[in-house]
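Okay, structure first, notes after.
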Amino acid sequence: MNRALTVARLQFVVWRAVIGWPWGILALSFLINLALFSAMQENEDFEPTTGGLMSIYIVMLIASISAILQDFPFALGLGVSRRSFYLGNVLQFTVQALVYAAVLYLLAGVEEATDGWGANLRFFGLPFLVVENPVLRFLGFAIPFLLLGFIGIAIALVAKRWGANGLLTLSAVVLAGIGGLAVLATWRGWWSAIGDWFADQPGWALLVGWPALVTLVLAAVSYLVIRRATP
Amino acid sequence: MEDGRPIFLQIAELLENSILDGTLAEESQVPSTNELAAFHRINPATAAKGVNKLVDDGTLYKKRGIGMFVSPGARAKLRSRRRDEFARQYVRPLLTEARKLGIEPAELKKMIDTWEEGR
Amino acid sequence: MSAVATVTNLTKRYRGVTALDGVSFALTENRIHGLLGRNGAGKTTLMQILTAQNFATSGEVSVFGEHPYENEQVLSRISFIKESQTYPSSLRVTHVLRAARLVYPNWDEEYAQRLVDVFQLPGGRNVRKLSRGMLSALGIVVGLASRAPLTFFDEPYLGLDAVARQLFYDHLLADYTEHPRTIVLSTHLIDEVSDLIEHVLLIDQGRLLLDIEAEALRGQVVTVSGPVAAVDEFTRTGTELHRASLGGTARATVRGDFGPAAHDRARSLGLGLEPSSLQDIVVRLTTSNNGHAAGAGSATANKEAAR
Numbered sequence: 001m002n003r004a005l006t007v008a009r010l011q012f013v014v015w016r017a018v019i020g021w022p023w024g025i026l027a028l029s030f031l032i033n034l035a036l037f038s039a040m041q042e043n044e045d046f047e048p049t050t051g052g053l054m055s056i057y058i059v060m061l062i063a064s065i066s067a068i069l070q071d072f073p074f075a076l077g078l079g080v081s082r083r084s085f086y087l088g089n090v091l092q093f094t095v096q097a098l099v100y101a102a103v104l105y106l107l108a109g110v111e112e113a114t115d116g117w118g119a120n121l122r123f124f125g126l127p128f129l130v131v132e133n134p135v136l137r138f139l140g141f142a143i144p145f146l147l148l149g150f151i152g153i154a155i156a157l158v159a160k161r162w163g164a165n166g167l168l169t170l171s172a173v174v175l176a177g178i179g180g181l182a183v184l185a186t187w188r189g190w191w192s193a194i195g196d197w198f199a200d201q202p203g204w205a206l207l208v209g210w211p212a213l214v215t216l217v218l219a220a221v222s223y224l225v226i227r228r229a230t231p
Numbered sequence: 001m002e003d004g005r006p007i008f009l010q011i012a013e014l015l016e017n018s019i020l021d022g023t024l025a026e027e028s029q030v031p032s033t034n035e036l037a038a039f040h041r042i043n044p045a046t047a048a049k050g051v052n053k054l055v056d057d058g059t060l061y062k063k064r065g066i067g068m069f070v071s072p073g074a075r076a077k078l079r080s081r082r083r084d085e086f087a088r089q090y091v092r093p094l095l096t097e098a099r100k101l102g103i104e105p106a107e108l109k110k111m112i113d114t115w116e117e118g119r
Numbered sequence: 001m002s003a004v005a006t007v008t009n010l011t012k013r014y015r016g017v018t019a020l021d022g023v024s025f026a027l028t029e030n031r032i033h034g035l036l037g038r039n040g041a042g043k044t045t046l047m048q049i050l051t052a053q054n055f056a057t058s059g060e061v062s063v064f065g066e067h068p069y070e071n072e073q074v075l076s077r078i079s080f081i082k083e084s085q086t087y088p089s090s091l092r093v094t095h096v097l098r099a100a101r102l103v104y105p106n107w108d109e110e111y112a113q114r115l116v117d118v119f120q121l122p123g124g125r126n127v128r129k130l131s132r133g134m135l136s137a138l139g140i141v142v143g144l145a146s147r148a149p150l151t152f153f154d155e156p157y158l159g160l161d162a163v164a165r166q167l168f169y170d171h172l173l174a175d176y177t178e179h180p181r182t183i184v185l186s187t188h189l190i191d192e193v194s195d196l197i198e199h200v201l202l203i204d205q206g207r208l209l210l211d212i213e214a215e216a217l218r219g220q221v222v223t224v225s226g227p228v229a230a231v232d233e234f235t236r237t238g239t240e241l242h243r244a245s246l247g248g249t250a251r252a253t254v255r256g257d258f259g260p261a262a263h264d265r266a267r268s269l270g271l272g273l274e275p276s277s278l279q280d281i282v283v284r285l286t287t288s289n290n291g292h293a294a295g296a297g298s299a300t301a302n303k304e305a306a307r
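Protein chains in written order, with full-length UniProt numbering: chain A, 1 to 231; chain B, 1 to 119; chain C, 1 to 307.
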């Protein structure tokens, strides 16, 4: 565990990059949107959602991919075990996700209180997260971070262990799987049932519950894969 | 160090040479194995092996906690041993080669005298 | 003398290519070992398995008495400096050193800084912008300053000029003298390190050809030249590794137990005798061995070249 903490600390050797990139890009995106929406404030009914918030989640995805492709060979070269490397990264991602989610949560609150930064801008508020429960709201920000983090880790690990062919095979399998299910659903006439199922799911389940489950599965599979990975 | 011969023997010989030519006087301290290793750019274990060879044959002796010293009488002993080696290394092949060319021992002695005078 | 690491009957196959073939040896504590062999002989694979960065197909590996795989107790006492080491693109030289300081328990920061000065490393420069030689120097600094009880240097000098290489050898020797530890130096610049190494491990085509003290090996291999009959007579006392002949004269490289008596014998046979350097010995042993497994060897070499 000590070693895992060391790995988490290793990441912050370049803390400026670790913290600077996501928030820098998010801030830039926010300022551009704010300027745009201040300029076209005439229409009072128009309450847009920008999608600019996605940028910080995308940065998380890229960071997790590079953790496997770049940090993993470096850490193993320094005599870190695969387990420590993995735990350290999970630790770092989790703490990061929680802290970032807390900041986003606060910013969303400010956004609400100021009527969208005085410009009717919905930048931090999540459109489909209409729950009043503060915990679920917070998790609505946090869980997608972790989901993207582990998607990145899983993709990069496949690339690391099985190369480009592995990635292509994975894409083919995923596409074929989705396509096959779609064909099956059409053939059997399941679509309305599927639609009902989604409609019946509460918002938190779609944004928190199911992503959390997928995250856990990815985390477990990634651990098994990294145990046999070579730098 | 030169190729093809154990380095510890070469180290021992270098120390012997210094004792023979007086650079290392009797009862004086010999460089430590680490100094020898650094100077000759060799493995310290090899340098130690060379020094230990001289300890074993009595040329050097160990003062606990201080280092290695040249034994009293080491120079004379070395000289007599080197003389024996000289005979084996130089005189014997000289005689072999002379016999091959049909040079009699008496003639060989005369050749040596002539060369000595011409020097 | 206790063994720091032991390898028993180690075999590694990559998709039909045998990189290591039943290798067994032990690394003795506080010795400098020379891991010699041609490119693609299996040296890097061997060190990768010893440091748990790669997996053996079969055979046993034990480091500090335990299996190194996922073993933090063992891994934290190993430093493995390899020519192919990559670094995250955002790191500067100082970041790499800071990371190394966090990870290695015996890290000597003051010594690391001294080495940075010796090798004139630009601390603020991004590692991706370092020249090949500077990258090697960075590896050397990490490898020396980590003071790990078991340190592997895998061809650590790529792109370094003769002066910088000598600096490396001098610092390695000095620091090893002051802080004895087990060192494995994998190299094919054999002439440059032959005086530093105490023990020789020679690998060729995945097989261990030599596992012997360097001093014992010195003088074991000689080249004699002269009349064919006399050469034949002399080579009967050893194993002939190589022969070239011209008319009635021949030159043969022989391995055997050659003391001063052998010199006298050669002289009395009318033969010229020349002792072989470690480099000559390695060249002779690895080329004379080429016949029987050339296929596997060249395939390994191709794979390594492709990386």
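Using N, Cα and C, we set each Cβ at its ideal position, and we do this for glycine too.
Those residues which DSSP pairs with residue i across a bridge
| i | result |
| --- | --- |
| lysine 63(B) | Gly67(B) |
| threonine 150(C) | The residue asked about is misnamed: residue 150(C) is leucine in this sequence, not threonine. For leucine 150(C), which the question treats as bridged, DSSP gives the partners Ile78(C) and Thr182(C). |
| tyrosine 69(C) | Paired residues: none, contrary to the question. |
| glutamine 29(B) | Phe69(B) |
| phenylalanine 25(C) | Val7(C) |
| tyrosine 14(C) | Val17(C) |
| glycine 272(C) | Ser225(C) |
| asparagine 126(C) | Arg92(C) |
Any non-hydrogen atom of the ligand FAD closer than 6 Å to residue i Cβ
| i | result |
| --- | --- |
| valine 96(C) | Ligands in the displayed structure: none, and consequently the ligand FAD is not present. |
Rounded Cβ spacing between residue i and residue j (contact assumed at less than 8 Å)
| i | j | result |
| --- | --- | --- |
| glycine 59(C) | leucine 201(C) | The Cβ separation is near 16 Å, so there is no contact. |
| tyrosine 105(A) | arginine 137(A) | 7 Å |
| valine 61(C) | leucine 10(C) | 6 Å |
| arginine 218(C) | glycine 4(B) | 6 Å |
| valine 222(C) | leucine 273(C) | 6 Å |
For residue i, the first and last residue of its enclosing alpha helix (DSSP H)
| i | result |
| --- | --- |
| phenylalanine 145(A) | 134-188 |
| histidine 188(C) | It is not in any alpha helix (DSSP H) - histidine 188(C) carries neither H nor E in the DSSP assignment. |
| lysine 49(B) | 44-56 |
| proline 227(C) | Run containing proline 227(C): none in the alpha helix (DSSP H); it sits in the beta strand (DSSP E), 221-227. |
| threonine 44(C) | 43-50 |
| glutamate 116(B) | 105-118 |
| serine 84(A) | 82-113 |
| proline 93(B) | 92-100 |
| asparagine 120(A) | First-last for asparagine 120(A): undefined, no H or E at that position. |
| serine 2(C) | It is not in any alpha helix (DSSP H) - serine 2(C) carries neither H nor E in the DSSP assignment. |
| glutamate 83(C) | Unbroken run through glutamate 83(C): none, as it is neither H nor E. |
| proline 73(A) | 72-77 |
| glycine 125(A) | Taken as a continuous stretch (DSSP letters only), glycine 125(A) belongs to no alpha helix (DSSP H), as it is neither H nor E. |
| aspartate 84(B) | 74-86 |
| glutamate 109(C) | 109-118 |
Residue i vs residue j beta-carbon contact at 7 Å
| i | j | result |
| --- | --- | --- |
| leucine 20(C) | glycine 42(C) | yes |
| arginine 227(A) | arginine 3(A) | no |
| histidine 237(C) | alanine 252(C) | The sequence as given places threonine at residue 237(C); histidine does not occur at that position. No; because the gap between Cβ atoms is not below 7 Å, this pair is not in contact. |
| glycine 133(C) | glycine 159(C) | yes |
| methionine 60(A) | phenylalanine 145(A) | yes |
| threonine 177(C) | asparagine 34(B) | yes |
| alanine 145(C) | isoleucine 78(C) | no |
| glycine 152(A) | valine 158(A) | no |
| isoleucine 81(C) | leucine 196(C) | no |
| aspartate 154(C) | glutamate 198(C) | no |
| glutamine 53(C) | leucine 78(A) | no |
For residue i, the first and last residue of its enclosing beta strand (DSSP E)
| i | result |
| --- | --- |
| asparagine 33(A) | That residue, asparagine 33(A), is in no beta strand (DSSP E); its alpha helix (DSSP H) goes 15-39. |
| methionine 32(C) | Rather than methionine, the amino acid found at residue 32(C) in this sequence is isoleucine. Looking at the DSSP string, the run of the beta strand (DSSP E) that includes isoleucine 32(C) is 32-36. |
| isoleucine 212(C) | 207-213 |
| isoleucine 203(C) | 199-204 |
| threonine 249(C) | 249-255 |
| threonine 239(C) | 239-246 |
| glutamate 60(C) | 58-63 |
Check each residue of the region 74-88 of chain A: if its Cβ is closer than 7 Å to any Cβ of chain C, include it; give the result in chain order.
So the close ones are Phe74, Leu76, Gly77, Leu78, Gly79, Val80, Ser81, Arg82, Arg83 and Ser84.
Scan the UniProt domain "HTH gntR-type" (5-73) of chain B for residues whose Cβ lies nearer than 8 Å to a Cβ of chain C and list them as they occur along the chain.
Arg5, Pro6, Ile7, Phe8, Asn34, Ala37, Ala38, His40, Arg41, Ile42, Asn43, Pro44, Ala45, Thr46 and Lys49
Can you pull out the residues from the region 168-192 of chain C whose beta carbon lies closer than 9 Å to at least one beta carbon of chain B?
Considering only beta carbons, the part of the region 168-192 of chain C lying closer than 9 Å to chain B consists of Tyr169, Asp170, Leu173, Ala174, Tyr176, Thr177, Glu178, Pro180 and Asp191, in chain order.
What residues from the region 83-94 of chain B come within 7 Å of chain C, judged by C-beta to C-beta, listed N to C?
Pro93
The region 83-113 of chain C: which residues have C-beta closer than 7 Å to a C-beta of chain A, in chain order?
Gln85, Thr86, Tyr87, Pro88, Ser89, Ser90, Leu91, His95, Arg98, Ala99, Ala100, Leu102 and Val103
Please name the residues in the region 1-32 of chain A whose beta-carbon is closer than 7 Å to at least one beta-carbon of chain C, in chain order.
Arg3, Thr6, Arg9, Leu10, Val13, Val14 and Ala17
In the region 203-231 of chain A, which residues sit with their C-beta less than 8 Å from some C-beta in chain C, listed in chain order?
Arg227, Arg228, Thr230 and Pro231
For the region 48-72 of chain A, which residues have a CB atom closer than 8 Å to at least one CB atom of chain C, in sequence order?
Ser66, Gln70 and Asp71
Between the region 189-217 of chain C and chain B, which residues of the former have CB atoms less than 7 Å from a CB of the latter, in chain order?
Flagged, chain order: Asp195, Leu196, Ile197, Glu198 and Glu215.
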